[in-house]
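Asks:
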Amino acid sequence: MKKILALLLCAVMVFSLAACGGSSEESAAPESTAPESSAPESTAPDGESAAIPGLEDGVFTVGMECAYAPYNWMQMDDSNGAVPISNVPGSYANGYDVMIAKKICEANGWELEIVSSAWDSLTPAVQSGTMDANIAGQSMTAERMQEVDMAGPYYYATIVCVTTKDSPYASATSIADLAGGTCTAQSGTIWYDSCLPQIPDANIQSPAETAPAMIMQLQTGTVDFICTDMPTAMGAVAKDDNLVILNFSGTDGDFQFASEEERAENVNIGIAVQKGNTALKDAIDAVLSTMTEDDFNALMDEAISIQPEV
(Lines of atoms letter the chains of each structure in order from A and count residues from 1; the text may use other names and numbers.)
(Lines give C-alpha, C1' and ligand atoms only; values in the text may rest on other atoms or scores of the structure.)
Protein backbone atom coordinates (compact mmCIF):
# COMPACT_ATOMS: atom_id res chain seq x y z
CA MET A 1 0.00 0.00 0.00
CA LYS A 2 2.87 2.31 0.92
CA LYS A 3 4.52 1.57 -2.43
CA ILE A 4 1.33 2.51 -4.26
CA LEU A 5 1.02 5.75 -2.29
CA ALA A 6 4.65 6.56 -3.00
CA LEU A 7 4.19 5.97 -6.70
CA LEU A 8 1.09 8.18 -6.71
CA LEU A 9 2.99 10.95 -4.86
CA CYS A 10 5.83 10.80 -7.37
CA ALA A 11 3.39 11.06 -10.24
CA VAL A 12 1.79 14.16 -8.69
CA MET A 13 5.22 15.81 -8.21
CA VAL A 14 6.24 15.10 -11.80
CA PHE A 15 2.99 16.56 -13.06
CA SER A 16 3.44 19.66 -10.87
CA LEU A 17 6.98 20.19 -12.14
CA ALA A 18 5.82 19.87 -15.72
CA ALA A 19 3.06 22.37 -15.09
CA CYS A 20 5.55 24.85 -13.52
CA GLY A 21 7.90 24.38 -16.44
CA GLY A 22 5.11 25.20 -18.88
CA SER A 23 4.10 28.26 -16.90
CA SER A 24 7.67 29.53 -16.83
CA GLU A 25 8.03 29.22 -20.60
CA GLU A 26 4.75 31.00 -21.21
CA SER A 27 5.68 33.91 -18.93
CA ALA A 28 9.15 34.10 -20.44
CA ALA A 29 7.76 34.56 -23.93
CA PRO A 30 6.17 37.98 -23.26
CA GLU A 31 9.38 39.11 -21.53
CA SER A 32 11.41 38.20 -24.59
CA THR A 33 9.08 40.18 -26.88
CA ALA A 34 8.66 43.18 -24.54
CA PRO A 35 11.74 45.03 -25.79
CA GLU A 36 10.47 44.74 -29.37
CA SER A 37 7.09 46.23 -28.48
CA SER A 38 8.64 49.11 -26.49
CA ALA A 39 11.40 49.90 -29.01
CA PRO A 40 9.31 52.14 -31.28
CA GLU A 41 8.44 54.38 -28.30
CA SER A 42 12.06 54.83 -27.27
CA THR A 43 13.17 55.66 -30.83
CA ALA A 44 10.22 57.85 -31.79
CA PRO A 45 12.06 61.18 -31.41
CA ASP A 46 14.94 59.92 -33.56
CA GLY A 47 12.46 58.68 -36.09
CA GLU A 48 10.82 62.08 -36.27
CA SER A 49 14.17 63.81 -36.75
CA ALA A 50 15.15 61.30 -39.41
CA ALA A 51 12.04 62.23 -41.36
CA ILE A 52 13.26 65.84 -41.60
CA PRO A 53 16.03 66.41 -44.16
CA GLY A 54 19.16 67.62 -42.41
CA LEU A 55 18.00 66.56 -38.95
CA GLU A 56 18.88 62.87 -39.27
CA ASP A 57 21.57 63.32 -36.61
CA GLY A 58 19.27 65.24 -34.28
CA VAL A 59 21.43 68.37 -34.56
CA PHE A 60 19.79 71.63 -35.65
CA THR A 61 22.54 73.63 -37.39
CA VAL A 62 21.68 77.33 -37.47
CA GLY A 63 23.48 80.14 -39.26
CA MET A 64 23.65 83.75 -38.07
CA GLU A 65 26.15 86.60 -38.23
CA CYS A 66 26.80 86.65 -34.48
CA ALA A 67 27.32 90.40 -35.03
CA TYR A 68 23.80 91.79 -35.28
CA ALA A 69 22.64 92.77 -31.78
CA PRO A 70 20.08 92.43 -30.39
CA TYR A 71 19.17 89.63 -32.83
CA ASN A 72 22.51 87.88 -32.34
CA TRP A 73 26.01 88.61 -31.12
CA MET A 74 29.28 86.99 -30.07
CA GLN A 75 30.55 86.91 -26.49
CA MET A 76 33.48 85.18 -24.82
CA ASP A 77 31.65 83.21 -22.12
CA ASP A 78 28.43 81.27 -21.69
CA SER A 79 26.71 83.82 -19.46
CA ASN A 80 22.97 84.46 -19.85
CA GLY A 81 22.43 81.16 -21.66
CA ALA A 82 24.87 81.74 -24.51
CA VAL A 83 25.61 78.82 -26.86
CA PRO A 84 29.06 77.84 -28.25
CA ILE A 85 29.79 78.93 -31.83
CA SER A 86 30.96 75.76 -33.52
CA ASN A 87 33.27 77.40 -36.07
CA VAL A 88 34.79 79.97 -33.69
CA PRO A 89 36.39 78.01 -30.81
CA GLY A 90 36.14 79.65 -27.40
CA SER A 91 33.31 82.00 -28.38
CA TYR A 92 29.58 81.94 -27.71
CA ALA A 93 26.45 83.26 -29.42
CA ASN A 94 23.55 84.96 -27.70
CA GLY A 95 20.65 87.23 -28.52
CA TYR A 96 17.05 87.01 -29.67
CA ASP A 97 17.83 84.59 -32.50
CA VAL A 98 19.64 82.23 -30.13
CA MET A 99 16.71 82.35 -27.70
CA ILE A 100 14.28 81.44 -30.49
CA ALA A 101 16.58 78.65 -31.73
CA LYS A 102 16.75 77.18 -28.22
CA LYS A 103 12.95 77.15 -27.95
CA ILE A 104 12.69 75.30 -31.28
CA CYS A 105 15.26 72.73 -30.17
CA GLU A 106 13.67 72.21 -26.75
CA ALA A 107 10.28 71.56 -28.35
CA ASN A 108 11.69 69.02 -30.82
CA GLY A 109 14.38 67.35 -28.72
CA TRP A 110 17.19 68.58 -30.99
CA GLU A 111 20.72 69.61 -30.14
CA LEU A 112 21.53 73.19 -31.19
CA GLU A 113 24.63 74.07 -33.20
CA ILE A 114 25.32 77.74 -33.97
CA VAL A 115 27.53 78.64 -36.94
CA SER A 116 28.82 82.18 -37.50
CA SER A 117 28.43 83.31 -41.11
CA ALA A 118 28.75 86.54 -43.08
CA TRP A 119 25.38 88.05 -44.04
CA ASP A 120 25.86 87.44 -47.77
CA SER A 121 26.76 83.80 -47.13
CA LEU A 122 23.66 82.92 -45.10
CA THR A 123 21.24 82.17 -47.94
CA PRO A 124 23.75 80.16 -50.04
CA ALA A 125 24.56 78.06 -46.95
CA VAL A 126 20.90 77.08 -46.51
CA GLN A 127 20.51 76.45 -50.22
CA SER A 128 23.47 74.06 -50.21
CA GLY A 129 22.38 72.30 -47.02
CA THR A 130 25.41 73.47 -45.02
CA MET A 131 22.95 75.07 -42.61
CA ASP A 132 19.61 73.58 -41.65
CA ALA A 133 18.23 77.08 -41.13
CA ASN A 134 19.16 80.74 -40.80
CA ILE A 135 17.77 82.52 -37.75
CA ALA A 136 19.39 85.84 -38.44
CA GLY A 137 16.91 88.72 -38.52
CA GLN A 138 16.10 88.23 -42.20
CA SER A 139 13.01 89.88 -43.71
CA MET A 140 10.49 87.66 -45.48
CA THR A 141 10.82 89.44 -48.82
CA ALA A 142 9.44 88.01 -52.04
CA GLU A 143 12.95 88.04 -53.50
CA ARG A 144 14.40 86.07 -50.59
CA MET A 145 11.54 83.59 -50.64
CA GLN A 146 12.33 82.76 -54.26
CA GLU A 147 15.64 81.41 -52.98
CA VAL A 148 14.58 79.75 -49.72
CA ASP A 149 11.42 78.84 -47.83
CA MET A 150 10.75 80.78 -44.65
CA ALA A 151 9.00 79.83 -41.43
CA GLY A 152 7.45 82.54 -39.30
CA PRO A 153 7.27 85.42 -38.79
CA TYR A 154 9.18 85.15 -35.55
CA TYR A 155 9.29 88.93 -35.12
CA TYR A 156 7.58 92.02 -36.56
CA ALA A 157 10.14 94.78 -37.11
CA THR A 158 9.19 98.37 -37.92
CA ILE A 159 11.60 100.26 -40.21
CA VAL A 160 13.12 103.36 -38.58
CA CYS A 161 16.05 105.73 -38.81
CA VAL A 162 18.58 106.56 -36.10
CA THR A 163 20.51 109.80 -35.68
CA THR A 164 22.34 111.66 -32.89
CA LYS A 165 20.67 113.98 -30.39
CA ASP A 166 22.64 117.01 -31.63
CA SER A 167 21.92 116.28 -35.30
CA PRO A 168 19.85 118.76 -37.34
CA TYR A 169 17.78 115.73 -38.30
CA ALA A 170 16.89 114.82 -34.70
CA SER A 171 13.53 116.59 -34.96
CA ALA A 172 12.55 115.02 -38.30
CA THR A 173 8.91 113.93 -38.50
CA SER A 174 9.03 112.38 -41.98
CA ILE A 175 11.53 111.06 -44.48
CA ALA A 176 11.14 114.37 -46.33
CA ASP A 177 12.81 116.09 -43.37
CA LEU A 178 15.87 113.89 -43.96
CA ALA A 179 16.43 115.36 -47.43
CA GLY A 180 20.07 115.85 -48.40
CA GLY A 181 21.42 113.92 -45.44
CA THR A 182 24.41 111.61 -45.60
CA CYS A 183 23.28 108.10 -44.72
CA THR A 184 23.86 104.39 -44.94
CA ALA A 185 22.41 101.02 -43.95
CA GLN A 186 23.56 97.42 -43.83
CA SER A 187 24.33 95.71 -47.13
CA GLY A 188 21.84 93.28 -48.61
CA THR A 189 18.89 94.77 -46.73
CA ILE A 190 15.63 96.44 -47.68
CA TRP A 191 16.79 99.46 -45.70
CA TYR A 192 19.67 100.10 -48.09
CA ASP A 193 18.12 98.89 -51.34
CA SER A 194 14.61 100.34 -51.06
CA CYS A 195 14.27 102.74 -48.14
CA LEU A 196 17.22 105.12 -48.37
CA PRO A 197 16.58 105.85 -52.09
CA GLN A 198 13.14 107.22 -51.09
CA ILE A 199 14.75 110.07 -49.14
CA PRO A 200 14.97 113.20 -51.37
CA ASP A 201 18.52 114.02 -52.47
CA ALA A 202 19.96 111.54 -49.97
CA ASN A 203 23.73 111.26 -50.02
CA ILE A 204 23.85 107.48 -49.75
CA GLN A 205 27.22 106.07 -48.75
CA SER A 206 28.49 102.55 -49.40
CA PRO A 207 26.59 99.94 -47.40
CA ALA A 208 27.98 98.73 -44.09
CA GLU A 209 28.99 95.09 -43.93
CA THR A 210 27.48 94.59 -40.47
CA ALA A 211 25.04 96.31 -38.11
CA PRO A 212 27.83 97.32 -35.67
CA ALA A 213 29.76 98.86 -38.57
CA MET A 214 26.64 100.79 -39.59
CA ILE A 215 26.14 102.10 -36.06
CA MET A 216 29.82 102.99 -35.77
CA GLN A 217 29.56 105.19 -38.86
CA LEU A 218 26.78 107.13 -37.16
CA GLN A 219 28.65 107.42 -33.86
CA THR A 220 31.81 108.69 -35.53
CA GLY A 221 29.95 111.27 -37.63
CA THR A 222 30.66 109.60 -40.95
CA VAL A 223 26.92 109.71 -41.68
CA ASP A 224 24.05 111.86 -40.42
CA PHE A 225 21.66 108.96 -39.93
CA ILE A 226 21.17 105.29 -40.62
CA CYS A 227 18.16 103.23 -41.63
CA THR A 228 17.46 99.98 -39.82
CA ASP A 229 14.71 98.09 -38.01
CA MET A 230 13.30 98.86 -34.58
CA PRO A 231 15.07 96.09 -32.61
CA THR A 232 18.49 97.09 -33.98
CA ALA A 233 17.72 100.73 -33.24
CA MET A 234 16.51 99.95 -29.72
CA GLY A 235 19.62 97.91 -29.06
CA ALA A 236 21.86 100.77 -30.23
CA VAL A 237 20.04 103.40 -28.19
CA ALA A 238 20.12 101.19 -25.08
CA LYS A 239 23.93 101.25 -25.21
CA ASP A 240 24.45 104.83 -26.39
CA ASP A 241 22.18 107.53 -24.95
CA ASN A 242 23.42 110.03 -27.56
CA LEU A 243 21.39 108.23 -30.22
CA VAL A 244 17.70 108.81 -30.98
CA ILE A 245 15.18 106.83 -33.01
CA LEU A 246 13.16 108.46 -35.79
CA ASN A 247 9.97 106.44 -36.21
CA PHE A 248 7.63 107.58 -38.98
CA SER A 249 5.42 104.49 -38.89
CA GLY A 250 1.73 105.05 -39.47
CA THR A 251 2.24 108.50 -40.98
CA ASP A 252 2.22 109.82 -44.53
CA GLY A 253 5.89 110.57 -44.07
CA ASP A 254 6.86 106.93 -43.64
CA PHE A 255 8.79 104.83 -46.14
CA GLN A 256 6.40 103.71 -48.86
CA PHE A 257 5.72 100.32 -50.43
CA ALA A 258 3.57 99.33 -53.38
CA SER A 259 1.09 97.58 -51.08
CA GLU A 260 0.53 96.59 -47.48
CA GLU A 261 1.49 93.06 -48.51
CA GLU A 262 4.86 94.33 -49.70
CA ARG A 263 5.29 96.30 -46.48
CA ALA A 264 4.54 93.16 -44.45
CA GLU A 265 7.18 91.25 -46.43
CA ASN A 266 9.77 93.75 -45.33
CA VAL A 267 8.89 94.08 -41.65
CA ASN A 268 8.07 90.42 -40.98
CA ILE A 269 11.21 88.56 -39.88
CA GLY A 270 11.41 84.87 -40.79
CA ILE A 271 13.53 81.73 -40.49
CA ALA A 272 15.06 80.49 -43.75
CA VAL A 273 15.16 76.78 -44.61
CA GLN A 274 16.11 74.98 -47.80
CA LYS A 275 13.55 75.26 -50.59
CA GLY A 276 11.13 72.35 -50.38
CA ASN A 277 12.05 71.30 -46.82
CA THR A 278 8.42 71.45 -45.75
CA ALA A 279 8.93 69.09 -42.81
CA LEU A 280 11.45 71.41 -41.16
CA LYS A 281 9.43 74.54 -41.93
CA ASP A 282 6.33 72.96 -40.39
CA ALA A 283 8.24 71.83 -37.30
CA ILE A 284 9.51 75.38 -36.75
CA ASP A 285 6.11 76.96 -37.44
CA ALA A 286 4.52 74.59 -34.92
CA VAL A 287 6.71 76.11 -32.20
CA LEU A 288 6.27 79.72 -33.34
CA SER A 289 2.49 79.31 -33.49
CA THR A 290 2.45 78.84 -29.71
CA MET A 291 3.92 82.35 -29.25
CA THR A 292 2.16 85.71 -29.52
CA GLU A 293 3.52 89.07 -30.65
CA ASP A 294 3.70 90.02 -26.97
CA ASP A 295 5.84 86.93 -26.36
CA PHE A 296 8.18 87.97 -29.17
CA ASN A 297 8.45 91.51 -27.81
CA ALA A 298 9.13 90.29 -24.27
CA LEU A 299 11.90 88.02 -25.52
CA MET A 300 13.39 90.87 -27.57
CA ASP A 301 13.32 93.14 -24.50
CA GLU A 302 15.22 90.44 -22.62
CA ALA A 303 17.81 90.22 -25.42
CA ILE A 304 18.27 94.00 -25.41
CA SER A 305 18.74 94.02 -21.64
CA ILE A 306 21.65 91.55 -21.77
CA GLN A 307 23.36 92.58 -24.99
CA PRO A 308 27.01 93.68 -24.76
CA GLU A 309 28.26 97.16 -25.56
CA VAL A 310 28.01 98.08 -29.23
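So the sequence shown is numbered by this note's numbering: it starts at 60 and just counts up by one.
All C-beta atoms, glycine included, are put in the ideal place defined by N, C-alpha and C.
Check for me: the beta strand (DSSP E) holding I14 runs from which residue to which?
Replies: What is shown of the chain runs 60 to 369, which leaves residue 14 out entirely.
Asks: Here's a check: name, in chain order, each residue in its chain whose Cβ is nearer than 6 angstroms to the Cβ of V147, leaving out the five neighbours to either side.
Replies: Counting only Cβ-Cβ distances below 6 angstroms, and skipping sequence neighbours, we find S175.
Asks: Which residues in the same chain have their Cβ closer than 6 angstroms to the Cβ of C286, if we skip the five residues on either side of it in sequence?
Replies: Here the set comprises C220, A244, W250, C254, L255.
Asks: What does a CB cutoff of less than 6 angstroms around A21 pick up in its chain, not counting 5 residues either side in sequence?
Replies: Nothing about residue 21 can be read from this structure; the chain reaches only from 60 to 369.
Asks: Just checking, does the segment 221 to 237 make contact with the segment 298 to 306 on the three C-beta pairs under 8 angstroms criterion?
Replies: Touching, yes, given that three or more Cβ pairs across the two stretches are closer than 8 angstroms.
Asks: State the start and end residues of the unbroken beta strand (DSSP E) segment that holds P212.
Replies: It spans 208 to 215 - the beta strand (DSSP E) in which P212 sits, taken as one unbroken run.
Asks: Among all the DSSP beta bridges, which residues are the ones paired with N262?
Replies: According to DSSP, which records beta bridges pairwise, N262 is partnered with T241.
Asks: Taking only the alpha-carbon atoms, compute the straight-line gap between E361 and S138 and give it to the nearest angstrom.
Replies: Going from the Cα of E361 to the Cα of S138 covers about 14 angstroms.
Asks: With DSSP run on the structure shown, which of helix, strand or coil describes S175?
Replies: S175 falls in the strand class under three-state DSSP.
Asks: Any idea what DSSP makes of F355, helix, strand or coil?
Replies: Residue state, collapsed to three classes: helix.
Asks: Whole beta strand (DSSP E) runs in the segment 263 to 334 with 3 or more residues, listed along the chain?
Replies: DSSP runs (the beta strand (DSSP E)) wholly in the segment 263 to 334: 284 to 288, 302 to 305, 327 to 332.
Asks: Give every residue of the same chain whose Cβ lies closer than 7 angstroms to the Cβ of P212, excluding the five residues on either side of it in the sequence, and list them in chain order.
Replies: Result list for P212: M199, N327, I328, G329, in chain order.
Asks: Using 7 angstroms as the threshold, is the C-beta distance between A210 and K340 below it?
Replies: Yes; because the gap between Cβ atoms is below 7 angstroms, this pair is in contact.
Asks: Less than 6 angstroms between the CB of L181 and some heavy atom of the ligand FAD, yes or no?
Replies: Within the structure as shown, the ligand FAD is missing, as the structure has no ligands at all.
Asks: Please report the distance separating the alpha-carbon of G294 from that of A323.
Replies: So the alpha carbons of these two residues sit roughly 22 angstroms apart.
Asks: Run through the segment 136 to 169 for me and flag every whole alpha helix (DSSP H) of 4 or more residues, listed as ranges in chain order.
Replies: The segment 136 to 169 contains these whole alpha helix (DSSP H) runs: 155 to 167.
Asks: Quick one: Cα of M190 to Cα of D116, how far?
Replies: Answer to the nearest angstrom: the Cα atoms are 13 angstroms apart.
Asks: On the premise that V207 lies in contact with G122, defined as a C-beta separation below 8 angstroms, what is that separation, rounded to the nearest angstrom?
Replies: Incorrect: roughly 11 angstroms between the Cβ atoms, too far for contact.
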